[in-house]
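Accompanying notes for the structure given below.
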Amino acid sequence: MTEPSGRPNVVFILTDDHAAHAISAYGSVVNRTPRIDEIADAGVRLDNCFCTNSLCTPSRASILTGTYSHINGVKTLETPIDASQPTFISQLQAAGYRTAVVGKWHMGEGAGHDPQGFDYWAVLRDQGEYFDPQILTKDGTAIVEGYATDVITDLALDWLESLDGDEPWCVLIHHKAPHRPWEPDEKHKGMYSEPIRVPDTFDDDYSTRTSAAHRAAMRIADHLTLTDLKESLPADLTYEQAALWKYQRYMEDYLACVASVDDNVGRVTDWLRAGGEFDDTLVMYSSDQGFFLGDHGWFDKRFMYDESLRMPMLISCPSRIPHRDEPLEQIVTNVDFAQTILEATGTAVLERMQGTSIWPQLTTDPQRPTRDAMYYRYFENDDINHHAFAHYGIRTERHKLIYFYNDGLGLPGSSDRTYPPEWELYDLQNDPEELRNVYGDAAYADLREDLTVRLWMLQAELQDEPHPSQPVPTLLRNRD
Numbered sequence: 083m084t085e086p087s088g089r090p091n092v093v094f095i096l097t098d099d100h101a102a103h104a105i106s107a108y109g110s111v112v113n114r115t116p117r118i119d120e121i122a123d124a125g126v127r128l129d130n131c132f133c134t135n136s137l138c139t140p141s142r143a144s145i146l147t148g149t150y151s152h153i154n155g156v157k158t159l160e161t162p163i164d165a166s167q168p169t170f171i172s173q174l175q176a177a178g179y180r181t182a183v184v185g186k187w188h189m190g191e192g193a194g195h196d197p198q199g200f201d202y203w204a205v206l207r208d209q210g211e212y213f214d215p216q217i218l219t220k221d222g223t224a225i226v227e228g229y230a231t232d233v234i235t236d237l238a239l240d241w242l243e244s245l246d247g248d249e250p251w252c253v254l255i256h257h258k259a260p261h262r263p264w265e266p267d268e269k270h271k272g273m274y275s276e277p278i279r280v281p282d283t284f285d286d287d288y289s290t291r292t293s294a295a296h297r298a299a300m301r302i303a304d305h306l307t308l309t310d311l312k313e314s315l316p317a318d319l320t321y322e323q324a325a326l327w328k329y330q331r332y333m334e335d336y337l338a339c340v341a342s343v344d345d346n347v348g349r350v351t352d353w354l355r356a357g358g359e360f361d362d363t364l365v366m367y368s369s370d371q372g373f374f375l376g377d378h379g380w381f382d383k384r385f386m387y388d389e390s391l392r393m394p395m396l397i398s399c400p401s402r403i404p405h406r407d408e409p410l411e412q413i414v415t416n417v418d419f420a421q422t423i424l425e426a427t428g429t430a431v432l433e434r435m436q437g438t439s440i441w442p443q444l445t446t447d448p449q450r451p452t453r454d455a456m457y458y459r460y461f462e463n464d465d466i467n468h469h470a471f472a473h474y475g476i477r478t479e480r481h482k483l484i485y486f487y488n489d490g491l492g493l494p495g496s497s498d499r500t501y502p503p504e505w506e507l508y509d510l511q512n513d514p515e516e517l518r519n520v521y522g523d524a525a526y527a528d529l530r531e532d533l534t535v536r537l538w539m540l541q542a543e544l545q546d547e548p549h550p551s552q553p554v555p556t557l558l559r560n561r562d
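Just so we're aligned, residue 83 is where the sequence shown starts under the working numbering, counting upward by one.
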């Protein structure tokens, strides 16, 4: 390990909808990502990193502010951020760091919503385009020719090249890819034309689940569009054959978009190595949430099931973080990132932040516990597009309890239509693919009650309000 020199620089590369199981460092069986893997090879892979609200905009707000959606106010895709609230970026800037964000912002535009706390920002308009993207800066909007993943990397490296002096810097490189509609560039288009392995759960019939899974409009067989697929369905296919054909088309383009991201991650780390800065730069690779890659027959995210919940997180800083082959397995969330970066850079943490720094686990105390359970809440009561209804829950190392309260209470996207509340419980040790809801199983009655109490208490600790339909757990009623 080389000796650290002053405060480390920070490169945080964030992609959109990149599932951990489409990264070869996580054991992907469908693609290889050698340049992303290099970060793990030089540092640490986090195996149980989860988002607290599996949507682009809320997750990004939680990453920046180190707070849950109900604290930072960004609960849905339609909720713009109050960008004046303090973030880890504003703290770094106040501590003398030079700061920049390039790429996807997607938290509103205009007064109060444009990026703040950054010395330089050049971001996509709204979701952004894959080709010739519109780039918004403090000077206005301009179309930049090229492929978005390349353009974003170019802008980030141009900013880094422009820096003078010895003050440390932090750059957020936020890619659009591999977000829908999955448009690869010419270099990578068609590279996954061979048959792609189909997930074991592709034909999940949701037989033990509540109605939430049955209502969701995210099935590859039924809900991918011509825009997604780019070509018409061949004639004379059965329903099952058509589903598999659509899966192959979807995954071919999705993985090609990932391949471009992988190349561009390599461009950044090559630049750091060429300048002798890789060893003393905190390099982080993540995505704003997970994604269904045909798992349970779905695409998209939103649900509290693990494919949607789990975020990739690879971290290196060889002068400070010892490389180890074994992953960090403690539960980590996107709310923890801000405090981790601040501790790594010796910068003061804000009292309002709700996470836990994992810097000790990365450096001096790899076995230190983080939390014994994480809290998730999806607020967007979507009765229009994906039909994934509001729910929250708790996930421990072994179990997961989900409460689908199904009532948007006037949130954007909600309607007058309501559904009765429903519960799901999964034993992740015996059922890692979450195929069997055991909430009604008498053998799990005591565990069900214990998890319900822990959920209630975790909500109180995090200052979130349980939905009015959720009954007070029996053990708490008896205690009163």
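From the three backbone atoms N, C-alpha and C, an ideal C-beta is built for every residue, glycine too.
Keep in mind that this is a model prediction, so the values were computed, not measured.
Quiz item: Hey, how far is the Cα of D287 from the Cα of H378?
Solution: 8 Å
Quiz item: Nearest to T290 by alpha carbon, out of M539, Q545, E504?
Solution: E504
Practice problem: Taking all protein chains shown into account, decide if R204 is buried (16 or more other Cβ within 10 angstroms of its Cβ) or exposed. | Solution: Contrary to the premise, residue 204 reads as Ala rather than Arg in this sequence. With 16 or more other Cβ atoms within 10 Å, it is buried.
Practice problem: Look at I278 and Q330 and say whether their C-beta atoms are less than 8 Å apart. | Solution: yes
Quiz item: Which one of V126, H188, L375, V112 has the shortest CA to CA distance from Y387?
Solution: L375
Exercise. Apply the 10 Å Cβ neighbour rule to M393 and answer buried if 16 or more other Cβ atoms are within range, or exposed otherwise.
Key: buried
Quiz item: Do the CB positions of T415 and C133 come within less than 8 Å of each other?
Solution: yes
Quiz item: For H270, which of helix, strand or coil comes out of DSSP?
Solution: coil
Practice problem: State buried or exposed for L483, treating a residue as buried only when at least 16 other CB atoms are found within 10 Å of its CB. | Solution: buried
Practice problem: Taking only the alpha-carbon atoms, compute the straight-line gap between V340 and F471 and give it to the nearest angstrom. | Solution: 29 Å
Exercise. For the beta strand (DSSP E) holding L252, just list the boundary residues, first then last.
Key: Note that residue 252 corresponds to Cys in the displayed sequence, not to Leu. Residues 251 to 256.
Quiz item: Are the CB atoms of V156 and A165 nearer to each other than 8 Å?
Solution: no
Quiz prompt | Inter-residue spacing [alpha-carbon to alpha-carbon] between I413 and A420 | solution = 16 Å
Quiz item: Do Y521 and L510 have their C-beta atoms closer together than 8 Å?
Solution: no
Practice problem: Determine the direct distance from the alpha carbon of S390 to that of L337, and round the result to whole angstroms. | Solution: 17 Å
Quiz item: Considering only C-alpha positions, which residue in the set D214, F170, A122 is nearest to G428?
Solution: F170
Quiz prompt | Start and end residues, beta strand (DSSP E) containing F509 | solution = Strictly speaking, residue 509 in this sequence is Asp, with Phe absent from that position. Looking at the DSSP string, the run of the beta strand (DSSP E) that includes D509 is 504 to 509.
Quiz prompt | Cβ-Cβ distance between H473 and R297 below 8 Å | solution = no
Quiz item: Are at least three pairs of beta-carbons, each pair with one atom in the region 109 to 121 and one in the region 402 to 411, less than 8 Å apart?
Solution: no
Quiz item: Does DSSP put R536 in a helix, a strand or coil?
Solution: helix
Quiz item: Can you give, in chain order, each stretch of the beta strand (DSSP E) that sits fully within the region 433 to 485 and has at least 3 residues?
Solution: 455 to 460, 473 to 478
Quiz item: Taking the DSSP output, what are the residues bridged to I217?
Solution: L206, A224
Quiz item: In three-state terms, what does DSSP make of V347?
Solution: helix
Quiz item: When the distance is taken between beta carbons, is S136 closer than 8 Å to K383?
Solution: yes
Quiz item: When you compare only the Cα positions, how much space is there between G210 and M189?
Solution: 12 Å
Quiz prompt | Under 8 Å between C-beta atoms of G148 and G437 | solution = yes
Exercise. Have a look at Y202 and Y229 and give me their C-alpha separation to the nearest angstrom.
Key: 21 Å
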